[in-house]
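This report concerns only the one structure given below.
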Amino acid sequence: MRGAAPDSVLPPRQRCRLSALAAGDRGSALPSFVAVRRELGPAHRPHGAPPFLPPAPGDADDQDRRGPVLGSRSRRAPRPGDGTLSGRDRRVAADVIAPRAHLSFQTGAPVELDVDYVVVGSGAGGAAAAATLARSGRTVCLCERGPWRDPEHYPATVYGAMRDLWADWGTLFARGRSMIPILQASCVGGTTVINSAIVVRTPPTVLAEWAELGLGEVFSETAMGAEQDELERELGVTQMKGRQLMEHSEALLRALRSRDLEGHAIHRNARDCIGSGQCLQGCREGAKTSTNLCWVPEVATRGGTVLSCASVARVLIERGRAVGVSGRFVHPAPARGQRRGGSRFVVRARRGVLVAASATGSAPLLERSGLRLPALGRGWRGQPGAAMLGVYPHEVHMERGTTQGAASLAFSSERFKLESLALPLELLVARVGGAGVDYARALEQAPRMAMWVAAVRAEAQGTVRAGRLGPPVVRYAPTRRDTERLRQGLGRLARLHFDAGAEKVLPGIHGLPGELGPDELTALDSAPVDNRCYTWVLSHLFGGCVMGNDPTRSVVAEDLHVRGVRRLHVVDAACLPTTLGVNPQHTIMAVARIVAGRIANEEGTT
Ligand SMILES: Cc1cc2nc3c(=O)[nH]c(=O)nc-3n(C[C@H](O)[C@H](O)[C@H](O)COP(=O)(O)OP(=O)(O)OC[C@H]3O[C@@H](n4cnc5c(N)ncnc54)[C@H](O)[C@@H]3O)c2cc1C
Ligand code: SF4
1 MRGAAPDSVL PPRQRCRLSA LAAGDRGSAL PSFVAVRREL GPAHRPHGAP
51 PFLPPAPGDA DDQDRRGPVL GSRSRRAPRP GDGTLSGRDR RVAADVIAPR
101 AHLSFQTGAP VELDVDYVVV GSGAGGAAAA ATLARSGRTV CLCERGPWRD
151 PEHYPATVYG AMRDLWADWG TLFARGRSMI PILQASCVGG TTVINSAIVV
201 RTPPTVLAEW AELGLGEVFS ETAMGAEQDE LERELGVTQM KGRQLMEHSE
251 ALLRALRSRD LEGHAIHRNA RDCIGSGQCL QGCREGAKTS TNLCWVPEVA
301 TRGGTVLSCA SVARVLIERG RAVGVSGRFV HPAPARGQRR GGSRFVVRAR
351 RGVLVAASAT GSAPLLERSG LRLPALGRGW RGQPGAAMLG VYPHEVHMER
401 GTTQGAASLA FSSERFKLES LALPLELLVA RVGGAGVDYA RALEQAPRMA
451 MWVAAVRAEA QGTVRAGRLG PPVVRYAPTR RDTERLRQGL GRLARLHFDA
501 GAEKVLPGIH GLPGELGPDE LTALDSAPVD NRCYTWVLSH LFGGCVMGND
551 PTRSVVAEDL HVRGVRRLHV VDAACLPTTL GVNPQHTIMA VARIVAGRIA
601 NEEGTT
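Just so you know, our numbering puts 173 at position 173 of the sequence shown, and the rest follows in order with no gaps.
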């Protein structure tokens, strides 16, 4: 199939130029992509977004960078929070934060604060825990390494998102037999700002596994169910429908139905989603209830303090007890000649420290703080996935409709799940791969492509350690069985694409042809079982500080304290003792709220 001339969706002149551009640069994919992307022009940019290329000084995208990067929420008069914030209240709350409620990058004298609790990290776990503590009447300081950005200032391009929202420009990798990219955000709201807003309850089978680790009483089905009921109400979770889904997701649902397989429109915390397909860049419509739009402002309106651009360097531990954190403000985008490092800060916490710096951040932070537990940094897990692209005879425009609209849990017992996932063209080019004329031809088909992904509930375990140069070092490699499961998932997706009417699929597996037709699928079943041959991506991460009853295998004991340190807790993906087989934010939020609720109610903590 490779090399067959597709029917072009572009005018003939533009098509010729594309082929010529790509043919002139067979050596490297990136420069040819840059040229091709320019050539594709505004018609192929979602919602008329400006070009993805690095902004010239003074252009619109550059203004993003200079303007509100440090946040602008500290000017108005205070207004007390009034219970659960929702809808318009949430937006109002964001604008009425007291002057001292948000401190961002600054230089000069150290900042010192005294509070009841300090929480490190404002993502799914940290913000959920901080709001719970604030609701119980405690004073809370929420420290976040990244900047505070409002939806109207989210970057319009993937390049801007990498620069302004993604952690370390998206350059973190899991190192194993192959390098697997790890996607996370670093901004107020953490990865909830760039995630797809999928909300799935913790499977009972997972809670049963946790019960075997001594966690059954705290995280019982009843307790988790009640918490997740409440979360769904607060976050406005609804099932996607109609124009939110569009052809890209509808086609997957049709194909699943035709084979009598379970398939459903996804439930998301994005009730007013207009289907712009731009979740990875943050929702500029403000439709996604990421934590920077609900719980972080709530912490501030309830008398707490949010520190943004505030990188916590260590947890302060005195006589076996966590008493606060210290760190330094870090400018996320310093001007030329400006220093990145700002003032030091010290937050003293009378009642406790909660760490929620993510599965790549929490264990390294505890390591830097001097903890030496045998399980620290171990038990690092993931749900890595890869995509199968289908090319259809008609236009699909995967960028139209919600980023992820359809899913299937039909293969949970085989430890993989299937989902539709729209990728912006800027990232699609990396998945399509190739060089020269073939590459240009493949890219031309972008409007006719649908991308569906298989994510594996992997059994592999790795480690995360503090890196000497800053970013953490993650060592992790999917096992042979994980790779077999991915291959099986990709095979299922290819067949579903053909059921939905695709002409061909682009498997993206090293050792296989670039394109496969409906009669060539046996090649997929015998694809290499070598994890280096697949284009894995890791976005669902777990572990490093896992909970459990075995002191040699867990960092957090059943009483929810870090072993050997009183008043120190971990409340994010790092503490989850297993993978889930489903999207993790709902579980992380529920766990964080249950732990925070228990801490707040603990007696004798003063
Ligand atoms: C592209 C993508 C799509 C996803 N889609 C979904 C989805 O649809 N549904 C779902 O359930 N899950 C999804 N996920 C996963 C989900 O978003 C994460 O599992 C979840 O946000 C993790 O929560 P967390 O609190 O552990 O970490 P995060 O949300 O990553 O928050 C950690 C925060 O801590 C901060 N931090 C780190 N170190 C420090 C430090 N030293 N000092 C101060 N702050 C620090 C970071 O900057 C970050 O803001 C997605 C993930 C990605 C990458
Ligand atoms: S797809 Fe929906 S939730 Fe995602 S960015 Fe667009 S409008 Fe927001």
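Note that the Cβ used here is the ideal one computed from N, Cα and C, for glycine as well.
Proximal residues to C16 (C-beta, below 6 Å), its chain only, five neighbours per side dropped: Any reading at C16 must be qualified, since the residue scores a pLDDT of 38, below 50, and its modelled position is unreliable; the value itself is stated next. Excluding sequence neighbours, C16 sits near nothing in its chain.
C-beta contact flag for V453 and L409 at 8 Å: no
A322 CB to nearest heavy atom of ligand 1 below 7 Å: no
Closer than 7 Å: K288 CB and nearest ligand 2 heavy atom: yes
Q585 in three-state terms, based on DSSP: helix
Beta-carbon proximity list for Q106, same chain, < 7 Å, skipping 5 on both sides: F329, G342 and S343
Three-way DSSP call (helix, strand, coil) for R340 in this model: coil
Distance between beta carbons of R348 and G327, contact taken as under 8 Å: With a Cβ gap of about 13 Å, G327 and R348 do not count as contacting.
Nearest to V464 (by Cα), restricted to the options V296, R372, L376 and F219: L376
Contact belief for V315 with W380 at Cβ below 8 Å, rounded distance in angstroms: With a Cβ gap of about 20 Å, V315 and W380 do not count as contacting.
Buried/exposed call for W210, threshold 16 Cβ in 10 Å: buried
Start and end residues, alpha helix (DSSP H) containing H248: M246 to S258
Whether I599 touches F219 by CB criterion (8 Å): no
Ligand 1 heavy atom lying under 7 Å from the CB of D150: no
For Y534, the residue or residues it bridges with in DSSP: Bridge partners of Y534: none, in fact.
Residues sharing a beta bridge with S311, DSSP: R328
Assigned exposure category for S186 - 16 Cβ within 10 Å defines buried: buried
Beta-carbon separation (whole angstroms), R481 vs E503, contact threshold 8 Å: In fact, because the Cβ distance is near 33 Å, the residues do not count as touching under 8 Å.
Buried versus exposed, by CB contacts within 10 Å (16 or more), E234: buried
Proximity test, C273 beta-carbon vs ligand 2 heavy atom, cut-off 7 Å: yes
Span of the beta strand (DSSP E) around Y392: Segment: none, Y392 is in no beta strand (DSSP E) and carries neither H nor E.
Strand pairing of S420, partner residues [DSSP]: W452
Other residues of its chain near Q285: CB distance less than 6 Å, five sequence neighbours each side excluded: With the sequence shown as reference, residue 285 is identified as Glu, and Gln is not the correct amino acid for it. Contacts found: I274.
A523 vs V505 beta-carbon contact at 8 Å: no
Distance cut-off 7 Å: E607 Cβ against heavy atoms of ligand 2: Since the first residue shown for the chain is 1 and the last is 606, residue 607 is missing from the structure and cannot be characterised.
Ligand 2 heavy atom lying under 7 Å from the CB of T621: Outside the displayed range of the chain (1 to 606) lies residue 621, so it cannot be described from this structure.
S122 versus C143: straight-line alpha-carbon distance, rounded: 7 Å
Burial state of S369, where buried means 16 or more other Cβ atoms lie within 10 Å: buried
Inter-residue Cα distance where the pair is T171 and P181: 7 Å
Pairwise C-alpha distance: P204 and L30: At L30 the pLDDT is 35, less than 50, meaning the model places this residue with poor confidence and gives no usable figure here.
Under 8 Å between C-beta atoms of L252 and A406: yes
Beta-ladder partner(s) of R268, from DSSP: I198 and T238
Assigned secondary structure, D168 (DSSP; H/G/I helix, E/B strand, else coil): helix
Simplified DSSP state of A632, which is helix, strand or coil: What the structure shows of the chain is the stretch from 1 to 606, and residue 632 is not part of that stretch, so it cannot be assessed.
Euclidean distance between Cα positions of G548 and E444: 51 Å
Sequence-distant residues of its chain with Cβ nearer than 6 Å to C279 (five each side left out): S196 and T403
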